[in-house]
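Beneath this line is the structure, given in structure tokens, with notes to follow.
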Amino acid sequence: DSFDQDYDDEDKVKNYEPPLVQRKTYVSGSNLKLVAARKLGVPCNEKCRLKCTSNITFDERRVIHGKYWEMGDLNRQREFIMRHICSINLKYRARLKSMRSLNYGYNIEVNNVTIKVCKTMFMATLGISSRAIFTTTKKMNDGILDVDKRGKHGNIGRKVDEATKDTIRTHIKSFPTVPSHYCRANNSIQFIEGSLNISMMYRLYIEMCKEQNTEFVC
């Protein structure tokens, strides 16, 4: 896996050692496992159409990489990935309904400036594999980003404040509704228009939060 290898950018990191905070342990069953530290991966080359290596420096990548792994929490890392990707529906695939028809755009923030990057640069900067992105996007498309349960037992709930709940209610009410044809005695019952589903509404909710720079509920 190229993302576990040392990346030599003009000899800048020949002797680079990742900080200790990148090394963490977690309990898997009855065994204590040490998760190997991640390192910067090899970025895209000069043929990349987005010219990523011209738009972001090695030092900027190293800072982002360090902050990502200093989170030390899989759920926060997945939230980070979700905040920095967006789905792109290609015109020639518009009629396909499967998840494979979705492409994703990637971005990295440097000094509060959003820079579009390719998937290779995104993965190399964070030191992650395509599987991490696949898992996160699958959970996003399923409409939920659940808590990582490795080494944990019992149910852990997350308290959501009223302001966040109001935002969610407002988002739901923004969708067109149709009256029920089966409950004519109660005209107050409304149904979401048939072309929508929970996954689509959740994706739109995440995009809204990204635009408003607010935290979303997973």
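Everything in the sequence shown is counted per the UniProt record's numbering, starting at 1 for the first residue and increasing by one.
Ideal Cβ positions, reconstructed from N, Cα and C, are used throughout, including at glycine.
| Item | Value |
| --- | --- |
| Helix, strand or coil for Thr214, going by three-state DSSP, please let me know. | coil |
| Within 8 Å, do at least three Cβ pairs link the segment 44-61 to the segment 129-137? | no |
| Taking buried to mean at least 16 other C-beta atoms within 10 Å of its own C-beta, is residue 280 buried or exposed? | The question about residue 280 has no answer, for the chain in this structure spans 1 to 218. |
| Given this structure, state the Cα-to-Cα distance separating Asp59 from Ile168, to the nearest angstrom. | 38 Å |
| Using the Cβ count rule (16 or more neighbours within 10 Å means buried), how would you classify Arg76? | exposed |
| How many Å lie between Met140 and Arg203 at the Cα? | 7 Å |
| Could you check whether His84 and Asn107 sit closer than 9 Å to each other, using their CB atoms as the reference points? | yes |
| Check each candidate in Val42, Gly127, Val217, Asn103 and name the one with the smallest Cα separation from Gly66. | Gly127 |
| Just list the residues that DSSP pairs Gly105 with in beta bridges. | Cys86 |
| Answer yes or no: do Arg61 and Thr114 have a C-beta to C-beta separation smaller than 9 Å? | no |
| Can you have a look at Thr120 and say buried or exposed, based on whether 16 or more other CB atoms are within 10 angstroms of its CB? | buried |
| Quick check on DSSP: helix, strand or coil for Ile115? | strand |
| Taking DSSP as the reference, what is the three-state secondary structure of Val110? | strand |
| Given this structure, state the Cα-to-Cα distance separating Thr214 from Ala163, to the nearest angstrom. | 11 Å |
| In whole angstroms, give me the CA-to-CA distance for Asn111 and Tyr68. | 15 Å |
| Taking a contact to mean a Cβ-Cβ separation below 9 Å, would you say Met82 touches Ile206 in this structure? | yes |
| With distances taken between CB atoms, is the gap from Cys118 to Cys209 smaller than 9 Å? | no |
| With distances taken between CB atoms, is the gap from Ile172 to Glu109 smaller than 9 Å? | no |
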